[in-house]
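Structure, as structure tokens:
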């Protein structure tokens, strides 16, 4: 692992410190987790954007997914 330095405003640092104390973890662990979650969220947003763009370029045709309708029926019991 590498050590880095970041600049953070006092209010955010205070909130981070309160949270890590409640969780019983270090600032570093908290920030690593936050970065991982943010990176994952960004990947999902990018995939959603690509998905949306794909459907704008090639919209679903009427009846394209009708074959799957029976698969989605659960019945009454």
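In my numbering, the protein residues as written are 2 to 78.
Where is the CB? At the ideal position from N, CA and C, for every residue including glycine.
This structure is a prediction, so every number in the text was calculated from the model and none was measured.
Cβ neighbours of residue i in the same chain (closer than 8 Å, five flanking residues each side left out)
i          : result
residue 20 : 31
Inter-residue CB distance, residue i and residue j (contact presumed, cutoff 8 Å)
i          : j          : result
residue 17 : residue 28 : 6 Å
Coarse secondary structure for residue i, derived from DSSP in three states
i          : result
residue 4  : coil
residue 27 : coil
residue 12 : helix
residue 74 : coil
Same chain, Cβ closer than 7 Å to residue i, five either side skipped, listed in chain order
i          : result
residue 52 : none
Handout entry: Those runs of the beta strand (DSSP E) which lie wholly inside the region 19-70 and span at least 3 residues
Key = none
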